[in-house]
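Just below is one structure, and these are the notes that go with it.
Numbering (mature numbering (1 follows the signal peptide of the UniProt record, and there is no 0)), first residue to last: -21 to -1, 1 to 319.
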């Protein structure tokens, strides 16, 4: 009997130890589960913070650009890419009223944020900006080659000297017919075309190429470049001028004159258009002008300006422009970054 009691007691002790061990394991598992739950919550919190950081740079609002019709294809392409890939909440509106007309919209209270220009800002425009308290920053965006275009069936004047081209457009040179340039050419009147006075291209041509001498009185000057393309392409005796990009986009309708600047004919191209290249005499920088006041006050305007200068050389070639030196682009970027 005593032996049975001892065996029973031993079993009771073993059972008690087993129960205690089981309880200890459950408590331990409970603590581990609690730790896992805490880690999940911490991870969720971290992920939420990360998402908040990602969305903190999302911008909304409008950016308004107007000005040069020549610069328009480049600026419209960059604006499109910006809205698609960079800031979907920002609307960038790009107009093309012409350089001078664009400055009139830019240099007013609550004016446009950017004015594209195919010439430098004039002294009187600078004075207007100062009067209004508008800080203006010139941003050089590309290089353009002034291109002289003709009807594709013109097979006699495909190559001309710089002087011959200029004389066609000057009032006092007596060049009326093709035969006035070369007696072997047709005795047919030359019809001249170009953009009107609203455009920086006209002002560049008149001031830098013609050196402010009188233009022929019967030149057909138009507001829309598309109209110029149509007029020249339908007139076998035509010669007109505009930016290289408009020629590139209409090569099926037009041909470009190869220009002899003294060392043989040069075809306008992205390889020859440069401020120190073979086509240098007809090469010009093109710009956009930034309202710095707006850039300081509206984050989307500054953000777009920085994106613009980081990407001008990426999109220049596909829109008919030669790129600017990387160093010049970086100098503009550094200035814009300093406005933050």
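Heads up, the beta-carbon is just placed ideally off N, CA and C, and yes, glycines get one too. These numbers come from a predicted model, not from an experiment.
{"Item": "Contact between the region 262 to 270 and the region 168 to 176 (3+ Cβ pairs under 8 Å)", "Value": "no"}
{"Item": "DSSP three-state assignment for residue 93, whether helix, strand or coil", "Value": "strand"}
{"Item": "Which listed residue (319, 294, 314 and 229) has its alpha carbon closest to that of residue 127", "Value": "229"}
{"Item": "Best match in 95, 141 and 124 for proximity to residue 177 [C-alpha to C-alpha]", "Value": "95"}
{"Item": "Straight-line gap, residue -2 to residue 36 (C-alpha atoms, nearest Å)", "Value": "Residue confidence for residue -2 is low, a pLDDT of 37 falling below 50, so the modelled location carries little weight; the figure read from the coordinates is stated next. Roughly 57 Å between the two C-alpha positions."}
{"Item": "Reduced DSSP secondary structure (H/G/I, E/B, other) of residue 58", "Value": "helix"}
{"Item": "Residue nearest to residue 122 in terms of C-alpha spacing, selected from 61, 65, 313 and 308", "Value": "308"}
{"Item": "Sub-8 Å separation of residue 68 and residue 114 beta-carbons", "Value": "no"}
{"Item": "Sequence-distant residues of its chain with Cβ nearer than 7 Å to residue 43 (five each side left out)", "Value": "72, 91 and 92"}
{"Item": "Minimum C-alpha distance to residue 49 - residue among 240, 65 and 227", "Value": "227"}
{"Item": "Integer Cβ distance of residue 131 from residue 63, believed to fall under 8 Å", "Value": "At roughly 36 Å, the Cβ-Cβ gap does not stay under 8 Å, so residue 131 and residue 63 are not in contact."}
{"Item": "Beta-bridge partners of residue 123, as assigned by DSSP", "Value": "263"}
{"Item": "Assumed close pair residue 97, residue 180 - CB separation to whole angstroms, cut-off 8 Å", "Value": "5 Å"}
{"Item": "Neighbourhood of residue 272 by C-beta, 7 Å cutoff - its chain only, sequence neighbours within 5 removed", "Value": "113 and 114"}
{"Item": "Cβ contact (3+ pairs, closer than 8 Å) linking the region 186 to 196 and the region 142 to 154", "Value": "yes"}
{"Item": "Cα-Cα separation, residue 47 to residue 77", "Value": "4 Å"}
{"Item": "Residue 168, DSSP secondary structure in three states", "Value": "strand"}
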